[in-house]
Amino acid sequence: MKILVANLGSTSFKYRLYDLSGDSERMLARGGFERVADHAAAIESCLAELQTGGSIASERDLAAIGLKPIIARGITGCVRMDEPVLQAMEAYNGLAPAHNPPYVNGARLFARRLPSIPVIGLFETAFYQWAPEAAMRYAVPESWHRQGVRRWGFHGASHKYIAERSAQLLGRPDVADRVRRLYVDGPATPVQAPELRVVSCHLGGSSSVTGIRDGLAIGNSLGMSPQSGLPHNNRVGDLDSFALPFLMRTTGMSLDEAERQMCKEGGLKGLSGGMNDLRDILAGIARGEAGPRLAFDVLVHQTRHWIGAYAFELDGLDALVFTAGIAENNPEIREAICARLDRMGIRIDPAANRQAARGREAVLSAPDSPVRILVVPTNEELVIAREVKRFLER
Ligand code: AMP
Numbered sequence: 415m416k417i418l419v420a421n422l423g424s425t426s427f428k429y430r431l432y433d434l435s436g437d438s439e440r441m442l443a444r445g446g447f448e449r450v451a452d453h454a455a456a457i458e459s460c461l462a463e464l465q466t467g468g469s470i471a472s473e474r475d476l477a478a479i480g481l482k483p484i485i486a487r488g489i490t491g492c493v494r495m496d497e498p499v500l501q502a503m504e505a506y507n508g509l510a511p512a513h514n515p516p517y518v519n520g521a522r523l524f525a526r527r528l529p530s531i532p533v534i535g536l537f538e539t540a541f542y543q544w545a546p547e548a549a550m551r552y553a554v555p556e557s558w559h560r561q562g563v564r565r566w567g568f569h570g571a572s573h574k575y576i577a578e579r580s581a582q583l584l585g586r587p588d589v590a591d592r593v594r595r596l597y598v599d600g601p602a603t604p605v606q607a608p609e610l611r612v613v614s615c616h617l618g619g620s621s622s623v624t625g626i627r628d629g630l631a632i633g634n635s636l637g638m639s640p641q642s643g644l645p646h647n648n649r650v651g652d653l654d655s656f657a658l659p660f661l662m663r664t665t666g667m668s669l670d671e672a673e674r675q676m677c678k679e680g681g682l683k684g685l686s687g688g689m690n691d692l693r694d695i696l697a698g699i700a701r702g703e704a705g706p707r708l709a710f711d712v713l714v715h716q717t718r719h720w721i722g723a724y725a726f727e728l729d730g731l732d733a734l735v736f737t738a739g740i741a742e743n744n745p746e747i748r749e750a751i752c753a754r755l756d757r758m759g760i761r762i763d764p765a766a767n768r769q770a771a772r773g774r775e776a777v778l779s780a781p782d783s784p785v786r787i788l789v790v791p792t793n794e795e796l797v798i799a800r801e802v803k804r805f806l807e808r
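So the number in my numbering is just where the residue sits in the sequence shown, counting from 1, plus 414.
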């Protein structure tokens with residue numbers, strides 16, 4: 415079963431083609447285009463590349479298109495991206511201005527170009543469907559809550575991948591099985607004792623921390639929008655809701671301008687004085703600059719804050735997992751996050767941490783560390799392809 419997974423940005427188009435049959439999972443092709451002005455043209459180029467590369471003989475070989483949409487009013491899980499779903503996404507465009515519009519547009523373009531091939535989306539909010547209500551509520555009037563003012567949680571595909579893969583690596587096939595079947599059977603799949611308690615740290619261009627008990631998310635540092643939680647590359651992260659009216663009233667800044675700055679001038683970029691990539695921030699630190707140092711320290715502090723919150727809620731940890739561009743690649747930040755946690759049972763092995771090779775799974779904890787520390791490269795596209803296959807089999 416050949417499934418094309420497309421990752422759509424406002425000016426980018428990346429794709430992977432998977433062939434999933436029985437237990438075999440093969441990636442047949444991958445590619446992408448930057449500075450895309452016309453997504454319809456990018457879809458044409460992608461289909462042409464797949465055919466010239468020989469991974470499909472014709473478009474009819476595709477069983478489905480898989481997408482990773484962010485958020486829609488009243489809809490989550492793995493669903494067919496039909497017009498009602500797209501309109502429900504448009505209703506929440508304001509929550510994910512950089513992410514929702516390209517997915518809505520892309521889904522319509524795929525449907526027009528390949529009308530007989532289903533377009534299936536796995537919402538980034540899906541993994542949090544079973545998180546405790548108390549963890550997902552804001553203390554707002556009920557009428558606000560009914561408008562959707564609540565925590566949703568995002569990065570669901572990545573944290574689900576980590577939940578399943580970490581359970582396998584920790585010798586818990588029962589938990590991995592529950593995670594695998596989650597969007598088909600819900601959390602009903604039984605698991606054995608003792609509880610498996612994992613905190614997953616996805617640190618990248620966009621960052622979040624999730625607590626996972628027996629394969630089920632108990633919450634996520636991202637709240638109502640992908641603008642919340644930890645500082646992101648350009649996006650602000652958690653901010654007191656009164657900061658915005660205060661700033662607008664005292665400076666006369668418009669709502670549109672405040673929103674733009676929260677999305678484009680905040681996060682690591684705002685803290686560091688213009689750098690939104692951790693590699694540039696590390697170079698700034700090496701030059702002795704204060705802004706980059708502050709950006710690094712705030713990201714470490716915030717990550718520890720959320721790890722602590724979930725470790726407490728989980729009554730301790732079995733594993734702390736690092737994933738995504740920053741956490742997979744940078745030993746300094748992993749060491750800083752794990753520093754002085756000896757009494758929490760978190761002991762990183764500095765040599766193992768430094769030697770961890772890019773793109774590879776590794777154990778970073780010292781042999782006597784009660785909590786295992788892992789780096790696990792995430793694979794969101796594979797999660798989407800797997801869910802699309804399950805959706806079609808249903
Ligand atoms: P992602 O969103 O997971 O693709 O992560 C992208 C981010 O990872 C970039 O914006 C960088 O901040 C960070 N990153 C990528 N490669 C490295 C590296 N070699 N060292 C440190 N940070 C990196």
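A virtual CB, placed ideally from N, CA and C, is assigned to each residue, including glycine. Just so we're clear, the structure is a prediction, and the values are computed from it rather than from any experiment.
In the three-state scheme derived from DSSP, where H, G and I count as helix and E and B as strand, D711 is classed as helix. At least one heavy atom of ligand 1 lies less than 7 Å from the C-beta of A738. Contact between the stretch 775–793 and the stretch 591–598 is not established, with fewer than three Cβ pairs separated by less than 8 Å. Taking the Cα positions, R786 is about 41 Å away from P532.
By the 16-neighbour rule on beta-carbons within 10 angstroms, V797 is buried. Distances from the CA of R565 to each of S639, A505 and E749 were compared; the closest alpha carbon is that of S639. The beta carbon of F805 is closer than 6 Å to those of C492 and I534 in its chain, skipping five residues each way along the sequence. Rounded to the nearest whole angstrom, the C-alpha separation of L481 and R474 is 18 Å. Checking the DSSP bridge columns, you'll see D433 partnered with K416 and R440. For N743, the enclosing alpha helix (DSSP H) starts and ends at A738 to N743. Nearest to A602 by C-alpha distance, out of V499, E504, V563 and D591, is D591. Counting of Cβ neighbours within 10 angstroms places R748 among the buried residues, the total reaching 16 or more.
As DSSP reads the structure, G625 sits in a beta bridge with V613 and G633. Taking 7 Å as the cut-off, one finds at least one heavy atom of ligand 1 near enough to the beta carbon of L692.
Counting only unbroken stretches of 4 or more residues, the alpha helix (DSSP H) elements lying wholly within the stretch 494–565 are 497–504, 514–527, 547–550 and 556–560, in sequence order. By the Cβ neighbour-count rule, A510 is buried, with 16 or more other Cβ atoms within 10 Å of its own.
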